[in-house]
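Position in the sequence shown (from 1) plus 11 gives the number in the working numbering. C-beta: ideal position from N, C-alpha, C; glycine also. In what follows, a structure is listed as structure tokens, so that the remarks can point back to it.
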Amino acid sequence: MIDRLFTATLTFCLLIGGTLAIGSAMLGTDQPVAAPRAASAPAQVVQLERVVIVGKRLSPTTEVAQSDSETAPRVQ
Numbered sequence: 012m013i014d015r016l017f018t019a020t021l022t023f024c025l026l027i028g029g030t031l032a033i034g035s036a037m038l039g040t041d042q043p044v045a046a047p048r049a050a051s052a053p054a055q056v057v058q059l060e061r062v063v064i065v066g067k068r069l070s071p072t073t074e075v076a077q078s079d080s081e082t083a084p085r086v087q
């Protein structure tokens, strides 16, 4: 019975939290001061060095996932 109460309470709290989050985003009350300040500041651009990736495939040391009809008996 406690798991049913917990599930119902968790669902209700998530519903309320989602409603408040969407409502504050729609009304613009989440951060009214930070938005204009962030839009007016220029973004810092950084260019990194080029990276060359070289790869080669190594041969496996052991054979993996091999099935042979002689060694693997069939189960019926």
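Start and end of the alpha helix (DSSP H) containing Ile13?
Within the sequence shown, the letter at position 2 stands for residue 13. For Ile13, the enclosing alpha helix (DSSP H) has its first and last residue at 13-38.
Helix, strand or coil: which one does DSSP assign to Ser70?
Walking along the sequence shown from the start, residue 70 turns up at place 59. Coil at Ser70, not helix or strand.
Ser70 versus Val63 - alpha carbon distance
Taking the sequence shown and counting its residues from 1, one reaches residue 70 at position 59. Taking the sequence shown and counting its residues from 1, one reaches residue 63 at position 52. Rounded to the nearest whole angstrom, the CA to CA distance from Ser70 to Val63 is 23 Å.
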